[in-house]
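If you count the sequence shown from 1, position 87 lands on 134 in the working numbering, and the numbers rise without skipping.
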Amino acid sequence: MSTQFTLSGELRKLVEARLDQTLKGIEDTLHKILETQEVQPKELQENLKSLEESFNLLFRKWNLEILYTLFLKTPVGFGELKRILGVNSRTLSDKLKMLTKHRYIERNVDEGPPLRVEYSLTPKGKNTVLLALPLLYYSSSA
Numbered sequence: 048m049s050t051q052f053t054l055s056g057e058l059r060k061l062v063e064a065r066l067d068q069t070l071k072g073i074e075d076t077l078h079k080i081l082e083t084q085e086v087q088p089k090e091l092q093e094n095l096k097s098l099e100e101s102f103n104l105l106f107r108k109w110n111l112e113i114l115y116t117l118f119l120k121t122p123v124g125f126g127e128l129k130r131i132l133g134v135n136s137r138t139l140s141d142k143l144k145m146l147t148k149h150r151y152i153e154r155n156v157d158e159g160p161p162l163r164v165e166y167s168l169t170p171k172g173k174n175t176v177l178l179a180l181p182l183l184y185y186s187s188s189a
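What follows is the structure in C-alpha cells.
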C-alpha cells in the first residue's frame, strides 16, 4: 500500500509516542507470557497455520486499500470506491465479496429509489485497520 502519512510536527510526536507505548506494551506482555510458558515447535506451527488464511486474505492486492478507504470514508458506494482506488469493476467486486464473506466489511442495500449499495467496515474490519495502521505508518516513514 503506498499510502503516505503526513502529520504536523506536534501531532506526529503524539502519534509516535502512542505507537511506541502500544508496541512496548505488546512486547512486554509477550515476554511475560513466554517467561511462564514455553512455546513448543508443534504449537507454533499450529498457530501459524491458523493465521495463514487471514494473512493471505489481508495482504492480497487491494484488500488493505479497501479497508483503509472504508475506515477514512464510510459508507462508500461501489462507484465511488472504484474511482478512489482506480481499480476495475470485476476486481473490486471480487474483493468486496471476499471481504464481506470474511466479515471485514458489510454490504448495505438502500432500496431507493434509486437503488444504492454501500459498503462499510464491521467492528472486525475497523479493528483490523487500527492494528495495521502502525505497520503502515512505520513502513511509510522509514
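Even glycine gets a Cβ: it sits at the ideal position worked out from N, Cα and C.
Legend entry - Boundaries of the alpha helix (DSSP H) in which Arg137 is found, first to last residue: Working through the sequence shown from its first residue, we reach residue 137 at position 90. It spans Ser136 to Lys148 - the alpha helix (DSSP H) in which Arg137 sits, taken as one unbroken run.
Legend entry - Residue environment, Val86, which counts as buried when at least 16 other CB atoms sit within 10 Å: The residue you call residue 86 lines up with position 39 of the sequence shown. Exposed, since its Cβ has fewer than 16 Cβ neighbours within 10 Å.
Legend entry - Closest residue to Tyr23 among Leu58, Ser55, Glu63 and Glu57 (Cα-Cα distance): The structure shown does not extend to residue 23, since the chain is modelled only from 48 to 189, so the question has no answer here.
Legend entry - Collapsed DSSP secondary structure at Val176 in the structure displayed: As a working mapping, residue 176 is identified with position 129 in the sequence shown. Helix.
Legend entry - Assumed close pair Tyr166, Leu180 - CB separation to whole angstroms, cut-off 8 angstroms: Taking the first residue of the sequence shown as 1, we reach residue 166 at position 119. Taking the first residue of the sequence shown as 1, we reach residue 180 at position 133. Tyr166 to Leu180, Cβ: 19 angstroms. No contact.
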